[in-house]
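Visitor: Starting off with a structure, shown below.
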Amino acid sequence: MINFVWLIPVFPLIGFLIIGLFGKKFSKGVVAVIGCTTILAAFIISAILFFQLISGSITATTVPLFDWISAGSFSAPFSFLVDPLSSIFLLIITGVGFLIHLYSVGYMHDDEAFYRFFSYLNLFIFFMLLLVLGSNYLILFVGWEGVGLCSYLLIGFWFKNNDYNNAAKKAFVMNRIGDLGFLLGIILIYITFGSTSYSGIFSQAKFFTAGRPVLTAITLLLFVGAMGKSAQIPLYTWLPDAMAGPTPVSALIHAATMVTAGIYMIARSNILYTLSPFTMSLVAIIGVVTAVFAASIALVQNDIKKVLAYSTVSQLGYMFLGLGVGAFTGAVFHVMTHAFFKALLFLGAGSVIHAMGGEQDIRKMGGLKKHLPITAITFLIATLAISGIPPFAGFFSKDEILAHAFGSNVWYWVLGLGGSLMTAFYMFRLLYLTFYGKFRGTEKQEHHLHESPSIMTIPLIVLAVLSVVGGFVGIPESLGGTHILNKFLSPVFADSTLKTLPDILSAGTEQMLMGITVVLLLGVIYFARHKYIVKQEIPVAEGQKIGFVHKLLYHKYFVDELYNNVITKPLDALSEQFDKTFENRLIGGTVNGIGKLVVRLSDLFRRLQTGSIGFYIFAMVISIICILFYKVL
Amino acid sequence: MSAIQIIPLNFYILLSAILFSIGVMGVLLRRNAIIIFMSIELMLNAVNLLLVSFSSYHSDGAGQVFVFFIMAVAAAEVSVGLAILVMIYRNTKTTDIDFLNKLKG
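Heads up: the sequence lines are chains A and B, in that order. Taking the numbering used here, the leading residue of the first sequence gets 794, the next gets one more, and so forth. Taking the numbering used here, the leading residue of the second sequence gets 6, the next gets one more, and so forth.
Structure (structure tokens):
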């Protein structure tokens, strides 16, 4: 089966080409079938590969496909790397991606650009698969840029709305900033190791001493790329704005693709990071700060998708915290469980928005439970999972990260716990305001309320099941489990674990930490319940007076405004100046001046062209005589 | 001593210069395109005459070969030029070059 690995990205690519080129002529049904089956096919191959890896019938292999770039001493073959890490990501991308595709068939059914949507979705999956399958940093970079492009196309999918276009542009530009760092990192890698392939780099890096400045520089640059793609401070503001796209796109970006690219890249480069302690602590700090920061913003947002968006930023922060403290498995584990419940949350939100006729403000919802029973139950499961209530999936993955954080630095744990409590609060706030209490929308909306069609609820149910059982692959040993995922992934991180002393917590400490977390979480949930169900509080309407802290949070710490004033406006002013002086005067003046000169000169010479043959001949003879004289004398 | 060499070389040069000048004056002064053509032929033949006489006096065949080339090329050129002229005449009923000034800038 390993020889067919190239089919995994090729299927979505074929889907993209067929739908993109001929989709306009096809009926929606045909487009949906092509779009979904290509992803399903990729999923099936990924699953077979995964089981072959588990059973040991294949081991981690590089599959060469063709010679891609070779110039002088430099060569980069186009080859895929199949190993436990890429296999896990393949399953997430194609599996969750397929469910999102299926859901989109129902969600986008009335959209006139149905085929365009599916072609973009397929392209998105294709690039993401390329990103995780590539066996060197260059292919990774191709996928990296590709998903950036697709996010631009999909966020601005409804391009007739200018705000949406601006959101798309923002995502694109912010990602470019990160990509610059990433590209410089790759160049520095090539200069240092003389290779861009993982095997070539990591086998050399093993013998480096920890803390070499060049490694620190490489990892920092790569991390800048990850900050952009995975929306970490300070490059996170594009992700909440990315809500402009259709809801399935948000689910795809937030759960299965794009934002997990940064996690994948760092997990893949684990040996480089392990050898740069400075970068590791920076990753951890940025991660934990982002986790708390974004969670605090999510506390007071009233747009159902905005809350989820900040929640993603926050959860990504946890993943980086995990990476930063060396819990690579924990980070990947959290990527996996997060993919399940975040996709579920977004698709559930989509179902709510669908039922509410486009309304996204949770202040105008409420009591949807009896109208959308399946959505409500699956949403509840996802909420429990993301809040970290045992035994749902999020509990195990988040707890693993927190336990490692505790072992590394107690403050990481304290902050992480704080963020986790906030997560529970804003998620239950969202849940209660949306599905419980009385309906607060218009009467027309109330009549319109309906459960989504089964093509949308089936993905919800599947994801809900995964959100419940997904955590069981990583039951920690302190709870009497065997961490299956850890065993599976350990070859990938083998070199790193050799370099660092594992921070082993005693089973008792770990159990105590879990106990503290769960008790506090239950307290927070009780508080949220008291506030929003018993007292039936509703967030204040727009324009009413709110406290300073609330205001600060509601306006997202004014970061967008800060960026706008500190970066965008000065740049705009500068570019305007350049436009005036350089563009218009210097360049424009030169170019136009040459043009004008030619016109003037030709004006002069056209007078000579009288059309009188006699004159021409006369001029000719005179000229010949002149030339002769010149030659003779 | 061939027949050509009975007459001194100077005479040929003089005759050729006179013929050439007549040709130049014809091209410059006449209006009729056909006459201009004829004048051009006159100039070409003045040169041919020089070539022949020089080649004869130097006992070098190359000059004669050039004459053949010039005649062949001139014949081809005249046939094209006359064809153009015939077409111009059919369209405008004139061969007056002062009338044909459509190409002025």
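Using N, Cα and C, we set each Cβ at its ideal position, and we do this for glycine too. Note that the structure is predicted; figures quoted are calculated from it, not measured.
1. Is it buried or exposed for residue 1252 of chain A, if we count other Cβ within 10 angstroms and need 16 for buried?
2. Quick check on residue 1416 of chain A - is its C-beta less than 8 Å from some C-beta in chain B?
3. How about residue 1138 of chain A and residue 1179 of chain A: are their beta carbons less than 8 Å apart?
4. Tell whether a beta-carbon distance below 8 Å holds between residue 1427 of chain A and residue 989 of chain A.
5. Could you give the distance in angstroms between the alpha-carbon of residue 1094 of chain A and the alpha-carbon of residue 1348 of chain A?
6. Between A/1172, A/883, A/1413, which has its C-alpha nearest residue 1225 of chain A's C-alpha?
7. Could you tell me the alpha carbon to alpha carbon distance between residue 919 of chain A and residue 1325 of chain A, rounded to whole angstroms?
8. Go ahead and pull the three-state DSSP assignment for residue 1405 of chain A.
9. Using beta carbons (cut-off 8 Å, strictly below), is residue 32 of chain B in contact with chain A?
10. Leaving out five residues before and five after residue 82 of chain B in sequence, what residues of the same chain have Cβ atoms less than 7 Å from its Cβ?
11. Ordered along the chain, which non-local residues of its own chain (more than five positions away) have a Cβ less than 6 Å from that of residue 978 of chain A?
12. Anything in the region 1391-1422 of chain A with a Cβ closer than 7 Å to a Cβ of chain B? List those residues in chain order, please.
13. Can you find a CB in chain A that lies within less than 8 Å of the CB of residue 65 of chain B?
14. With a 10 Å radius around its C-beta and 16 neighbouring C-beta atoms as the bar for buried, classify residue 1419 of chain A as buried or exposed.
15. Using a Cβ-Cβ distance under 8 Å, would residue 54 of chain B count as near chain A?
16. What residues in its chain sit with their C-beta under 6 Å from that of residue 927 of chain A, if we drop five residues either side in the sequence?
17. Measure from the alpha carbon of residue 799 of chain A to the alpha carbon of each residue in A/1257, A/875, A/810, A/864, then state which is nearest.
18. Counting along the chain, where does the alpha helix (DSSP H) carrying residue 860 of chain A start and finish?
19. Alpha carbon to alpha carbon, how far is residue 904 of chain A from residue 1227 of chain A? Give it in angstroms, no decimals.
20. Is it true that the CB of residue 940 of chain A sits closer than 8 Å to the CB of residue 1105 of chain A?
21. Among all the DSSP beta bridges, which residues are the ones paired with residue 869 of chain A?
22. Out of curiosity, what's the CA-to-CA distance linking residue 1331 of chain A and residue 880 of chain A?
23. Taking 8 Å as the cut-off, decide whether the C-beta atoms of residue 1008 of chain A and residue 1065 of chain A are in contact.
24. Can you name the start and end residues of the alpha helix (DSSP H) that residue 1285 of chain A belongs to?
25. Report buried or exposed for residue 857 of chain A, applying the criterion of at least 16 other Cβ atoms within 10 angstroms of its Cβ.
26. Are the beta-carbon atoms of residue 885 of chain A and residue 1132 of chain A separated by less than 8 Å?
27. Going by Cα to Cα distance, which pick from A/1376, A/835, A/1043, A/960 is closest to residue 1136 of chain A?
28. Could you give the residue range of the alpha helix (DSSP H) that holds residue 899 of chain A?
29. Name the residues in the region 16-32 of chain B whose C-beta lies less than 7 Å from a C-beta of chain A; which are they?
30. From the DSSP output, which residues share a beta bridge with residue 927 of chain A?
31. Looking only at its chain, what residues have a beta carbon closer than 7 Å to the beta carbon of residue 1263 of chain A, apart from the 5 residues adjacent to it on each side?
32. Around the C-beta of residue 88 of chain B, are 16 or more other C-beta atoms found within 10 angstroms, so that it is buried, or is it exposed?
33. May I ask you to list the residues that DSSP assigns as paired with residue 990 of chain A?
34. Please state if the CB of residue 1312 of chain A and the CB of residue 1211 of chain A are separated by a distance shorter than 8 Å.
35. With 8 Å as the limit, tell me which residues of the region 92-108 of chain B have their beta carbon closer than that to any beta carbon of chain A; keep them in chain order.
36. Measuring only the C-alpha atoms, how far is residue 873 of chain A from residue 1110 of chain A?
Guide: According to the structure data:
1. Buried is the call here.
2. Against chain B, the CB of residue 1416 of chain A has no partner CB under 8 Å away; the residue lies outside that interface.
3. Yes. Within cutoff.
4. Because chain A is modelled from 794 through 1426, residue 1427 of chain A falls outside the range shown and cannot be assessed.
5. Linking residue 1094 of chain A to residue 1348 of chain A through their CA atoms gives a straight-line distance of about 9 Å.
6. Ranked by Cα distance from residue 1225 of chain A, the first of A/1172, A/883, A/1413 is A/1172.
7. Going by the C-alpha atoms only, they are around 43 Å apart.
8. The three-state reading of DSSP puts residue 1405 of chain A in coil, since its state is none of H, G, I, E or B.
9. Yes, residue 32 of chain B lies at the interface with chain A (some Cβ there is under 8 Å from its Cβ).
10. Closer than 7 Å at the Cβ level, and outside the excluded window around residue 82 of chain B, lies no residue.
11. Here the set comprises 1011, 1014, 1015.
12. For the region 1391-1422 of chain A, the set of positions with a beta-carbon nearer than 7 Å to some beta-carbon of chain B reads 1399, 1402, 1403, 1404, 1405, 1406, 1407, 1410, 1411, 1414 in chain order.
13. Cβ-Cβ to chain A under 8 Å: no for residue 65 of chain B.
14. Exposed is the call here.
15. No, residue 54 of chain B does not count as interfacial toward chain A.
16. Apart from the 5 residues on each side of it in sequence, residue 927 of chain A sits with its Cβ closer than 6 Å to the Cβ of 933 in its chain, given in chain order.
17. Nearest C-alpha to residue 799 of chain A: A/875.
18. No alpha helix (DSSP H) contains residue 860 of chain A, which is instead part of the beta strand (DSSP E) from 854-864.
19. Taking the straight line from one Cα to the other gives about 26 Å.
20. Not closer than 8 Å, so no.
21. Beta-bridge annotation (DSSP): residue 869 of chain A is paired with A/862.
22. Going by the C-alpha atoms only, they are around 45 Å apart.
23. Between residue 1008 of chain A and residue 1065 of chain A, the C-beta gap is smaller than 8 Å, which places the two residues in contact.
24. For residue 1285 of chain A, no alpha helix (DSSP H) segment is defined, and its DSSP state is neither H nor E.
25. Counting other Cβ atoms within 10 Å of its Cβ, residue 857 of chain A stays below 16 and is therefore classed as exposed.
26. Taking C-beta atoms as the reference points, residue 885 of chain A and residue 1132 of chain A count as a pair closer than 8 Å.
27. Of the listed residues, the one whose Cα sits closest to residue 1136 of chain A is A/1043.
28. Segment 877-900, the alpha helix (DSSP H) holding residue 899 of chain A.
29. Residues of the region 16-32 of chain B whose Cβ lies closer than 7 Å to any Cβ of chain A, in chain order: 29, 32.
30. DSSP lists A/873 as the bridge partner or partners of residue 927 of chain A.
31. Setting aside the 5 residues that flank it on each side, residue 1263 of chain A is surrounded in the same chain by 1129, 1130, 1133, 1186, each with a C-beta closer than 7 Å to its C-beta; the list follows chain order.
32. Exposed, because fewer than 16 other Cβ atoms sit within 10 Å of the Cβ of residue 88 of chain B.
33. Residue 990 of chain A pairs with A/929.
34. Contact flag unset, no.
35. Residues are counted here when their Cβ sits less than 8 Å from a Cβ of chain A; for the region 92-108 of chain B these are 102, 103, 105, 106, 107, 108, given in chain order.
36. The C-alpha of residue 873 of chain A lies about 29 Å from the C-alpha of residue 1110 of chain A.
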